[in-house]
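Everything below concerns the one structure shown next.
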Amino acid sequence: MGGSFAKVFCGLYPADVSGLVLLDPCPEDFYARMLEEHPELMKEDSIYMQEILTSTDRPGETEEMISFDTSMQQAKLSDTAHAIPTTLLIAAYGKIPGDGEKDPTNPMNSIWVDELKKWAASRPNLQYTVLENSGHHISKEHPDVVIKAITDMIVRIK
347 MGGSFAKVFC GLYPADVSGL VLLDPCPEDF YARMLEEHPE LMKEDSIYMQ
397 EILTSTDRPG ETEEMISFDT SMQQAKLSDT AHAIPTTLLI AAYGKIPGDG
447 EKDPTNPMNS IWVDELKKWA ASRPNLQYTV LENSGHHISK EHPDVVIKAI
497 TDMIVRIK
């Protein structure tokens with residue numbers, strides 16, 4: 347949810363933010379689309395979320411799950427409040443563990459990428475790159491790409 351929080355911050359304080367670099371943020375419409383198109387793939391996710399919501403020993407995670415939909419909606423609404431230069435790095439795979447992790451045609455991976463591309467197309471001043479050889483943790487797998495994106499943003503906004 348870090349990308350959503352960063353987007354909300356930009357929407358609240360557009361005069362204080364010069365540029366934004368996002369690393370494979372959660373697309374706001376990903377889970378709704380997955381539930382609609384592939385409900386069978388969301389069963390495990392639903393079990394996990396129910397465990398968190400009924401847990402008494404994980405209050406932070408419980409609150410995060412309770413506020414997830416609201417946070418995603420707030421991030422979506424914040425887009426109208428700013429048009430700062432943005433760089434988006436999208437991982438082609440890595441959303442799910444196991445056999446499907448490295449498969450860009452897996453619906454969980456392909457819908458994630460598709461939703462981020464749709465969001466990118468709707469944003470002014472946004473440049474994106476799909477990293478074909480990366481999982482979700484881009485900064486761990488490709489720190490050089492992240493450093494370049496940040497330094498390029500600094501040059502871009504000067």
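Residue numbers (this note's numbering): 347 to 504. All residues carry an ideal CB built from backbone N, CA and C; glycine is no exception.
Where the alpha helix (DSSP H) containing residue i begins and where it ends
i	result
L294	Because the chain here runs from 347 to 504, residue 294 falls outside it and cannot be looked at.
Y377	F376 to E383
T497	P489 to I503
T402	Counting along the chain, T402 falls outside any alpha helix (DSSP H), and DSSP gives it neither H nor E.
Cα-Cα separation between residue i and residue j, rounded to whole angstroms
i	j	result
V354	P373	14 Å
E390	E487	26 Å
N452	A466	21 Å
P385	R379	9 Å
V367	I398	30 Å
G365	T432	6 Å
I500	S401	43 Å
Q420	L358	11 Å
K504	L381	43 Å
M388	I457	13 Å
Three-state secondary structure assigned by DSSP to residue i
i	result
I430	coil
A438	coil
V354	helix
Opening and closing residue of the beta strand (DSSP E) in which residue i lies
i	result
V459	It is not in any beta strand (DSSP E) - V459 instead sits in the alpha helix (DSSP H) that spans P453 to S468.
V476	L472 to L477
V363	From DSSP, V363 is part of no beta strand (DSSP E); its letter is neither H nor E.
Residue i vs residue j beta-carbon contact at 9 Å
i	j	result
V491	I484	yes
G406	P371	no
L369	L435	yes
M418	M347	yes
A427	C356	yes
P360	I430	yes
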